[in-house]
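**Q** Just dropping this structure here.
Numbering (the numbering used here), first residue to last: 151 to 267.
Laid out in structure tokens, this is it:
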């Protein structure tokens, strides 16, 4: 059974940094694109960034956040710098994973990021 487990969220002051991690586990043949999304209260889930298996990156709003991955560890990271109160949300990781029978997009359970002014 494939699982994505996020870590690294928490409460931080505006202007500071946080690094989120998301590790995939289970019966995995290969992992394609991995990404981070976020959802603030009353808003739709939105893309923050994604990264291909070869390292190509795509950002919804580049500049302060950096996505990276360690394929050997099956882990994707999101380095968030100069955080703002409007960055507060539940952050979800996703990954396109091939197991023995199919390719599917999997989601983590989410990690809360709170930014105080």
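We treat Cβ as the ideally placed atom computed from N, Cα and C, and that holds for glycine.
These numbers come from a predicted model, not from an experiment.
What's the gap between the Cα of residue 171 and the Cα of residue 267?
**A** Each residue's Cα considered, the two are about 24 Å apart.
**Q** Does the region 170-188 touch the region 229-246, meaning 3 or more C-beta pairs lie closer than 8 Å?
**A** In short, these stretches touch, since the Cβ pair count reaches three.
**Q** Taking DSSP as the reference, what is the three-state secondary structure of residue 206?
**A** Residue 206: coil per DSSP, three-state reduction.
**Q** Just to confirm, is the Cβ distance from residue 226 to residue 215 under 9 Å?
**A** No.
**Q** According to DSSP, is residue 246 part of a helix, a strand, or is it coil?
**A** Three-state result, residue 246: strand.
**Q** Assign residue 200 to buried or exposed, taking buried as 16 or more other Cβ atoms, counted over all protein chains shown, within 10 Å of its Cβ.
**A** Label assigned to residue 200: buried.
**Q** Helix, strand or coil, according to DSSP, for residue 237 in the structure here?
**A** Of the three classes helix, strand and coil, the one that applies to residue 237 here is helix, per DSSP.
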